[in-house]
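Step one of this worksheet: look at the structure below.
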Amino acid sequence: MRLSRRVAALAVAFGTMFATVACSGSEEPGEGTKKVEVFTWWADGGEKAGLDGLVGVFKTDCADYEFLNGAVAGGAGSNAKQVLASRLQQNDPPDTFQAHAGAELSDYINDDQLEDLSAQYTEWGLTNAFPKGLIDNLTVGGKIYSVPANIHRANVLWSNKTVLAKAGITKDATTLDGFFADLDKLKAAGVAAPLALGKDWTQQMLFEALLISKLGPEKFNGLWNGSTPWTGAEMTAAINDYKRLLTYTNKDRDTFDWTDAEKLLMDGKAAYQLMGDWEAADLDAKGFKDYGWSVFPGNGNVFQWLADSFVLPKGAKNADGTKCWLKTVGSATGQAAFNQKKGSIPARTDVGTDGFPAYQQAAMADWKTATQVPSCPHGSACAQTWQGAVGSAQGKFSSDGDVAALQTALASAAAEFGPKK
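Heads up: the sequence shown is residues -24 to -1, 1 to 397, going by mature numbering (1 follows the signal peptide of the UniProt record, and there is no 0).
As structure tokens, this is what we get:
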């Protein structure tokens, strides 16, 4: 498997953790059962609750098999990816592992580490249950290698209703110019950081939402498939607008995780935060009810998606049990049980809305009709190496604001890690 130097080095550093996890995956199965080791980073909170819901369906649908939790906590998934890298290097894959659906799987596919699941998609009816746009994004060289458990939306703008009302803002902006005008109103009303922001991938998310507004969905998709250049006047203008957006954010953004930025919103020190829709579940869990949401201004009817998915690694010890797990993951019952608790929505379009909170019901409706575009920081648009290069370039830009340097760095990353013409 081709890994970045950083991930490869960390994989070695996590040798002790790898040994522990590998041992847990080799436990003797109970009498009359075969264990299926499911490797995730869903270790607590809503993620663990969602996993538990999915496991409950698996125990019913796949009674001949036993679930073995291979979760690795910490690092928002980075720790799990490092342990997984070690296991794959040692030719000791778990029976299945969690990965972001889409281009993030390209390294595993190119290294011939995943089984083709196209026949199962036909057998289980998934080609009809999932929307065509998602099927297209999951297909690589005519084959499909993963089953998405959910869909999250990335391009959502969360707001503090009280802060907006005090500034005289009563309607959600639908254009970028309107959003800038509202941010100016908030500054005039004494809000020091109208737009809460964190570090790393949170900045990439904000930049991508702005790119969708500036370029439209077709050209935005083109950034990742090679049909839209990262050079030129349109990108320069977009980066300048992004630079302007940063002037409305908290100056300590490079030290903040997304939950730190969220706290600014909850405490009334910020009015907005661009974040994926896992924020709804988090705000609800924390008891904060004074929030609103809208699609990022200028994105129109665009649904920027990311998905957690599961795969069948080559060399898995229990391939039959894994297929039963994957069938559960893709089933209407499994997706309902998982997503109601996790705060995401089903990838299937035939799951009813009963039992889902208001935000999720709205997102489920949009998922059926909106134009779908992928996300680089969450793996649906680009491979991990490309993610890293973009993240480094934007981290530097957050400090120096050099528009030309960022554009050059983004173009260089696309040339090195993007599709070859």
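All C-beta atoms, glycine included, are put in the ideal place defined by N, C-alpha and C.
DSSP links N136 through a beta bridge to Y267. Residue environment for R220: exposed (fewer than 16 other C-beta atoms within 10 angstroms of its C-beta). Looking only at D342, S388, L199 and D148, the smallest Cα-Cα distance to W269 is reached by D148. Here P289 is buried: its Cβ has 16 or more other Cβ atoms, across all protein chains shown, within 10 Å.
N131 carries a coil assignment under DSSP once its states are collapsed to helix, strand and coil. Using a Cβ distance threshold of 9 Å, L187 and L171 do not count as a contacting pair. Here A292 is not near P124, since their CB atoms are 9 Å or more apart. Nearest neighbour of F34 by Cα position, chosen from D330, Q360, R324 and W301, turns out to be W301.
For D112 against Q360, the beta-carbon gap comes to about 21 Å, at or over 8 Å, which does not count as contact. Assigned with DSSP and collapsed to three states, D37 falls in helix.
Rounded to the nearest whole angstrom, the C-alpha separation of A185 and S307 is 31 Å. When secondary structure is reduced to three states using DSSP, T103 falls in the helix class. One thing to note: L191 has its Cβ within 9 Å of the Cβ of T204. By the criterion of a C-beta distance shorter than 8 Å, D217 is surrounded in its chain by L152, L186 and K190, once the five residues flanking it on both sides are discounted. Pairing G276 with T150, the inter-Cα distance amounts to about 7 Å.
Distances from the alpha-carbon of E210 to those of D228, G202 and F196 put F196 closest.
Judged by DSSP secondary structure, T72 falls within the beta strand (DSSP E) whose first and last residues are T72 to H76. DSSP assignment within the region 216 to 261 yields the following whole alpha helix (DSSP H) runs of 4 residues or more, N-terminal first: 234 to 242 and 254 to 261. Residue environment: K318 is assigned as buried (16 or more neighbouring CB atoms within 10 Å of its CB, all protein chains considered). With a minimum length of 4 residues, the unbroken runs of alpha helix (DSSP H) contained wholly in the region 164 to 223 fall at 177 to 201 and 209 to 222. Annotated as distal: Q74 and G367, with beta-carbon spacing of 9 Å or more. Shown here, T325 sits in coil according to DSSP, grouped into three states, outside any helix or strand. I145 carries a coil assignment under DSSP once its states are collapsed to helix, strand and coil.
Taking 9 Å as the cut-off, the beta carbon of A387 is found closer than this to the beta carbon of T207. DSSP lists V12 as the beta-bridge partner residues of F43.
As a beta-bridge residue in DSSP terms, I120 pairs with T115. Around the beta carbon of S375, a 10 Å sphere encloses fewer than 16 other beta carbons of the protein chains shown; the residue is thus reported as exposed. Spanning the alpha carbons of Q280 and K11 requires a straight line of approximately 36 Å.
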